[in-house]
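Counting the sequence shown from 1 gives a position; our numbering is that position plus 3.
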Amino acid sequence: MPRLSVLFACLFLALSSASPTHAFELFGYHLWGEKAETDEDQNVGVPDPTPYTVEFRVTGEDEEAPSDVEEELQSVSLLVQDVKKLPSGASGVLARATKDFERLIGKLYEDGYYGALVEINVAAMPLNQAILHPEKITERPIPVLVVVNRGPQFHFGSAEVSYEGPATKNGLDLPDAQTLGLVEGTPALSAKVLTAESQAISFLKDEGYPFAKVAHRQLLANHANRALKVKLRVNSGPYAKFGPVSVSGTVNMDPEFVRTYANLPQGAQWDANVISKAQRRLRDLEVFSSIRFEPADQLDPNGELPVTIVVAERPRKVFGLGANYSSNEGVGIEGYWRHRNLFGKAERLSVTGAVGQLLAVNNEQIEYAARITFEKPGAIGPLTAFSTSVAAVQENPDNYRSTSFTYDAYLSRDFTPTLSGRIGAEVYFANERDVFGNNDYFLLGIPADLTYDTRNDTLNPTHGIEAKLFFEPAYDVLGDTENLYSQGSIASYLPIFGTDRVVLAGRVSAGAIIAPAVQDVPAARRFFLGGGGTIRGYAYKNVGPRINDEVTGGRSFVLFNGEVRTRITETIGLVGFVDAGAAYSTQFPNFDEPLSVGVGGGVRYFTPVGPLRLDVGVPLEPQRNDPPFAVYIGLSQAF
């Protein structure tokens with residue numbers, strides 16, 4: 004991932020994504036919003052605040068070292084979790100204990116313990132007696148004892164799922180109990196029953212039956228053989244087609260555009276997946292704060308089900324500020340202004356700017372970038388968007404200086420929820436000074452790329468794959484040369500302990516430029532490695548082929564990144580990493596240069612807007628201009 008904003012970006016993203024009433028704290032410091040109450044504050048205004056003590060026991064568990072089972076049970080206990088929130092009088096303690104009985108039984112059933120016993124004593128009296136004689140509770144703090152005997156875990160016995168309604172006459176292969184996960188002999192978790200019901204209903208809704216529901220549920224626990232017998236009857240309801248679509252809640256948005264962009268196919272078979280995709284498309288416009296699809300209560304005379312799309316719009320104008328820092332790239336600031344709905348059809352106008360190396364002694368070393376972008380979703384149907392931009396960029400790393408101007412235009416399309424692509428045209432002019440002297444380049448190109456992305460989270464992925472492929476044939480008018488730029492990468496994420504406690508992350512990248520010689524390629528477009536986005540520990544763009552010990556950049560490269568990511572607590576994580584790569588002067592990697600390797604570790608602080616990242620990288624074979632170590636700070640994981 005590119006370096007992102009550290010402090011100001013976190014503040015802005017949290018402000019823009021959370022309700023104004025939400026509080027936000029960073030590293031223990033309260034920044035805005037309504038601050039969380041202290042224990043004393045929480046008890047202000049409670050009539051007769053009454054303290055109590057709670058002893059929690061699970062029969063058969065070690066009292067000195069609570070097991071995971073005991074901790075899970077305590078996590079649903081209001082008596083344990085809210086012990087510092089004093090209830091009102093003895094009646095408040097009794098009410099909390101009564102809720103606990105229901106919550107604990109529910110948790111035990113969820114885990115398949117249908118013969119469990121929960122005993123709660125208040126002031127040495129069973130709970131039912133204490134409720135009848137609250138006047139006998141005189142001790143302060145009130146002693147509460149919770150004793151849980153789980154008993155044996157039950158397993159599924161016979162399970163039967165039957166269907167009724169029109170779906171039974173349409174030749175559908177309706178899922179049976181085993182297909183839905185109700186397998187005889189497996190632990191009889193109540194969640195499995197609920198999941199089976201949900202899957203059966205989802206299947207029918209995806210096949211044209213939007214009113215499917217569970218008509219009858221029968222659960223019989225046989226304590227003699229510890230088996231749970233399950234009988235479910237599912238009613239499909241009538242067959243339906245998509246009906247007319249109406250839109251409600253728009254203010255600045257064109258409701259007809261919303262209806263068209265949702266792309267619900269009137270007259271086609273009802274499919275809940277189509278609804279989900281439409282909702283995701285509208286959400287990706289970033290115009291709405293909420294989106295709901297509300298089907299009508301009944302079919303119209305044509306057998307179609309009308310749908311109303313209810314939306315609430317976000318503010319049209321937004322701006323953000325950010326800052327970034329690394330020990331070998333210096334300090335930078337960035338900002339943007341954006342209009343999210345220019346003409347009522349989610350057209351977006353963005354103005355972005357960034358200034359880097361602000362601590363440079365020489366003003367000529369300061370870097371800048373400015374870009375104006377216009378984006379038009381739904382340019383050719385709801386799945387194809389148009390974008391165009393103009394940009395001016397000055398880069399000034401140690402090995403070259405480049406001032407460039409770019410104009411481009413793209414058509415992009417989402418082929419599936421995980422596969423997207425774009426193709427466009429580009430005009431690029433650059434004036435550069437490097438080891439080859441002063442040169443001008445004027446490129447006309449046709450860039451195209453494909454992205455396949457199944458990651459669960461773009462800022463903190465724990466599973467999935469991201470693959471990217473880029474090609475651009477280009478012609479240099481001034482140099483009369485033809486070039487072909489290509490680059491690809493694939494990143495994969497594998498949880499090996501829990502869903503996110505220990506995650507292995509790896510990325511492989513490679514690139515090749517077909518050009519007569521290195522100097523025929525603009526320096527800003529050659530391949531350089533080193534820095535936070537490639538090989539941590541090495542100086543920024545300081546890894547590659549050299550002439551007179553000056554890095555020239557290459558026409559090809561290979562790069563490997565590997566990380567072990569651990570989550571120690573809910574907010575703190577540790578990372579160890581190895582980065583390795585090399586750039587070559589040849590058109591394809593020939594591996595005549597040894598791989599440059601950087602190793603290190605880092606800390607992650609998980610916030611609602613993504614993990615704050617601090618990495619320290621060490622180059623194993625530093626070259627000229629490489630530091631002994633480098634520090635990187637940013638928002639999101641490194642890749």
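Positions of the beta carbon are idealized from the N, C-alpha and C atoms, including for glycine.
Just measuring C-alpha positions, the residue of Lys-216, Ala-215, Ala-230 sitting nearest Leu-222 is Ala-230. Between Asn-124 and Leu-148 the beta-carbon gap is near 4 Å, inside 8 Å, which marks them as a contact. If you check the CB distance, Glu-429 and Thr-409 come in under 9 Å. Judged by pairs of C-beta atoms under 8 Å, the segment 203 to 215 touches the segment 238 to 250, as three or more such pairs exist.
Annotated three-state conformation of Gly-536 is coil, per DSSP.
For Lys-348 against Phe-260, the beta-carbon gap comes to about 4 Å, under 8 Å, which counts as contact. It is roughly 25 Å from the alpha-carbon of Pro-247 to the alpha-carbon of Asn-344. Arg-607 sits in a strand when the DSSP states are folded into three classes. DSSP, reduced to helix, strand and coil, places Val-310 within a strand of the structure shown. With respect to Phe-377, Ser-415 sits apart: the two C-beta atoms are not nearer than 9 Å. Note that the C-beta distance between Gly-547 and Phe-563 is not below 9 Å.
For Leu-111, the CB contacts under 6 Å within the same chain, skipping 5 residues up- and downstream, are Ala-119 in chain order. Contact between the segment 452 to 463 and the segment 411 to 425 is present, with at least three C-beta pairs closer than 8 Å. When rounded, the separation of the alpha-carbon atoms in Ala-326 and Glu-370 is 14 Å. Burial is judged here by how many other beta carbons sit within 10 angstroms of a residue's own beta carbon; Val-196 has at least 16 and is buried.
For the pair of segments examined, the segment 268 to 286 was found not to touch the segment 250 to 258: the number of CB pairs separated by less than 8 Å stays below three. Exposure of Asn-551 is indicated by the presence of fewer than 16 other C-beta atoms within 10 angstroms of its C-beta. Scanning its chain for C-beta atoms nearer than 7 Å, with the 5 sequence neighbours on each side dropped, one finds around Phe-291 the residues Leu-285, Val-314, Ala-315, Glu-316, Arg-317, in chain order. Contact annotation: Arg-374 and Ala-388 have beta-carbon atoms that are not nearer than 9 Å. Setting aside the 5 residues that flank it on each side, Pro-52 is surrounded in the same chain by Asn-46, Leu-89, Pro-90, Ser-91, each with a C-beta closer than 8 Å to its C-beta; the list follows chain order. Take the alpha-carbon of Pro-614 and the one of Ala-508: they are about 15 Å apart.
Between Phe-159 and Thr-189 the beta-carbon gap is near 6 Å, inside 8 Å, which marks them as a contact. Within the DSSP bridge table, the entry for His-219 names Arg-236 as partners. It is roughly 45 Å from the alpha-carbon of Thr-484 to the alpha-carbon of Arg-568.
The DSSP-derived three-state label of Arg-99 is helix. Distance between Gln-626 and Arg-549, taken at the CA atoms: about 11 Å. Gln-522 and Pro-611 have their C-alpha atoms some 46 Å from each other. Between Ala-586 and Phe-642 a beta carbon distance of about 18 Å is seen, past the 8 Å cut, so the two are scored as non-contacting. By the beta-carbon neighbour count (other beta carbons within 10 angstroms, threshold 16), Asn-593 is exposed. In this structure, DSSP gives Tyr-112 a helical state, which the three-state scheme calls helix. Residues Tyr-112, Glu-113 of the same chain have their beta carbon placed closer than 6 Å to that of Ser-193, with the five preceding and five following residues left out of the count. Counting along the chain, no beta strand (DSSP E) covers Tyr-264; the unbroken alpha helix (DSSP H) around it starts and ends at 258 to 265. In terms of Cα proximity to Thr-355, the closest of Thr-461, Glu-566, Gly-501, Trp-340 is Trp-340. Thr-391 sits in a strand when the DSSP states are folded into three classes.
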